[in-house]
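Chemist: 1 is the number of the first residue of the sequence shown in our numbering; add one for each residue after it.
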Amino acid sequence: MRFIVRLTAWLSLVFFTWLITRNSLLYFTEPRAHGFVWEKGALADKPLWLGALVLHVAAGIVCLAASFLQFFRPVLRRLPALHRHLGRIYVASVLLVLAPTGFYLAFFAHGGVPGTIGFLVLGVLTTWTTWRGWREMRAGRMRQHVVWMIRSMAMVTTAITFRLEHIAFQLLGIAPELGFLL
């Protein structure tokens with residue numbers, strides 16, 4: 001039973017990462033054609049905002065993709081160098097790109113001040129848990145490393161949860177502005 005739960009979780013991560021990646025491709029080819037961008041109006045014409053958004057999306061895809069094999073025990077046992085390499089990619093994408101661009105973008109979030117605060121808190125928690133996971137590994141505390149990286153991954157995968165919730169809100173007829181606050 002435990003195997004089935006783990007396999008289902010892993011396959012869900014793979015599927016939803018693929019789905020987010022597929023749905024995000026427009027950000028890289030024609031960003032202004034993406035619904036999220038054109039609804040921002042004049043803000044979409046600001047190179048700093050648009051650049052931060054594209055980098056944020058790219059870093060999110062990289063860190064989700066790098067995480068595929070991180071919790072897969074055969075990789076940990078047989079290919080520890082791959083685990084370390086993917087871990088470095090994950091940590092770098094989160095700490096150097098995803099979180100900094102997320103902090104900037106939070107100030108332009110839907111939902112007004114509560115939306116901004118929510119995204120800032122998410123950014124702080126993502127940064128903190130990722131940094132702690134990296135520090136625990138550097139200190140040789142494997143068990144704590146695992147605990148903090150699971151927390152980091154929980155923060156990062158809120159991107160998946162967030163999108164699923166918004167689809168559900170849309171199907172229920174809840175306005176997007178209100179959905180950001182729920």
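Positions of the beta carbon are idealized from the N, C-alpha and C atoms, including for glycine.
1) Taking V156 as the reference, which of L64, V54, A9 and H56 has the closest Cα?
2) Helix, strand or coil for I174? Go by DSSP, reduced to three states.
3) For a test of the three-state rule: what should DSSP assign to R141, helix, strand or coil?
4) Taking its Cβ as the centre, do 16 or more other Cβ atoms sit within 10 Å of L94, making it buried, or is it exposed?
5) I'd like the list of long-range same chain contacts for R132, defined as Cβ closer than 7 Å, with 5 residues on each side in sequence excluded.
6) Please name the residue in G111, L11 and S152 whose C-alpha comes closest to that of T126.
7) Spell out a yes or no on whether the stretch 107-122 and the stretch 76-96 are touching, meaning 3 or more CB-CB pairs, one atom from each, closer than 8 Å.
8) May I ask you to report which of helix, strand or coil DSSP gives F169?
9) Buried or exposed for A66, going by 16 or more other Cβ atoms inside 10 Å?
10) Is the distance from the Cβ of V62 to the Cβ of F28 below 8 Å?
11) Under 8 Å, do H83 and L76 count as touching if we go by C-beta distance?
12) So, under 8 Å CB-CB, H34 and L43 are touching, yes? Tell me the CB distance rounded to an integer number of Å.
13) Tell me the residue span of the alpha helix (DSSP H) that contains F16.
14) Does the beta-carbon distance from H56 to G102 come in below 8 Å?
15) Using only the alpha-carbon positions, how far apart do T8 and F15 sit?
16) Return the Cβ separation of L98 and A52 in integer angstroms, given the expectation that the two are a contact with Cβ distance under 8 Å.
17) Apart from the five residues on each side of it in sequence, which residues of its chain come closer than 8 Å, Cβ to Cβ, to A109?
Modeler: For this structure:
1) Sequence index remark: in the sequence shown, residue 156 carries index 156 (1-based). Comparing Cα-Cα distances from V156 to each of L64, V54, A9 and H56, the minimum goes to L64.
2) By one-based count along the sequence shown, residue 174 stands at place 174. For I174, the secondary structure class from DSSP, reduced to helix, strand or coil, is coil.
3) As a working mapping, residue 141 is identified with position 141 in the sequence shown. In the structure shown, R141 sits in coil (DSSP, three-state: anything other than H, G, I, E or B).
4) Residue mapping note: residue 94 aligns to position 94 of the sequence shown, counting from 1. Strictly speaking, residue 94 in this sequence is Val, with Leu absent from that position. Buried is the call here.
5) For the purposes of this step, residue 132 is taken as the residue at position 132 of the sequence shown. Cβ-Cβ distances below 7 Å link R132 to W148 in the same chain, with the five nearest sequence neighbours on each side left out; the list follows chain order.
6) Walking along the sequence shown from the start, residue 126 turns up at place 126. Closest option to T126, Cα to Cα, is S152.
7) no
8) Counted from its first residue, the sequence shown places residue 169 at position 169. Residue state, collapsed to three classes: helix.
9) Numbered from its first residue, the sequence shown carries residue 66 at position 66. Counting Cβ neighbours within 10 Å, A66 comes out buried, since at least 16 surround it.
10) What you label residue 62 is simply residue 62 of the sequence shown in a count that begins at 1. What you label residue 28 is simply residue 28 of the sequence shown in a count that begins at 1. For V62 and F28, no; Cβs fall outside 8 Å.
11) For this step, residue 83 is matched to residue 83 along the sequence shown. For this step, residue 76 is matched to residue 76 along the sequence shown. Yes, the Cβ-Cβ distance between H83 and L76 is below 8 Å.
12) On the sequence shown, residue 34 is found 34 positions in, with the first residue counted as 1. On the sequence shown, residue 43 is found 43 positions in, with the first residue counted as 1. Contact doesn't hold; Cβ gap of about 13 Å is too wide.
13) Here the question's residue 16 lines up with position 16 in the sequence shown. Start and end: R2 to T29.
14) Here residue 56 is taken as the residue at index 56 of the sequence shown, counted from 1. Here residue 102 is taken as the residue at index 102 of the sequence shown, counted from 1. Yes, the pair counts as a contact, with Cβ atoms nearer than the cut-off.
15) Along the sequence shown, read from residue 1 onward, the residue named residue 8 stands at position 8. Along the sequence shown, read from residue 1 onward, the residue named residue 15 stands at position 15. Computed Cα separation, rounded: 10 Å.
16) Position 98 of the sequence shown, counting from 1, holds the residue named residue 98. Position 52 of the sequence shown, counting from 1, holds the residue named residue 52. With a Cβ gap of about 11 Å, L98 and A52 do not count as contacting.
17) Numbered from its first residue, the sequence shown carries residue 109 at position 109. Closer than 8 Å at the Cβ level, and outside the excluded window around A109, lie G115, T116, G118, F119 and F180.
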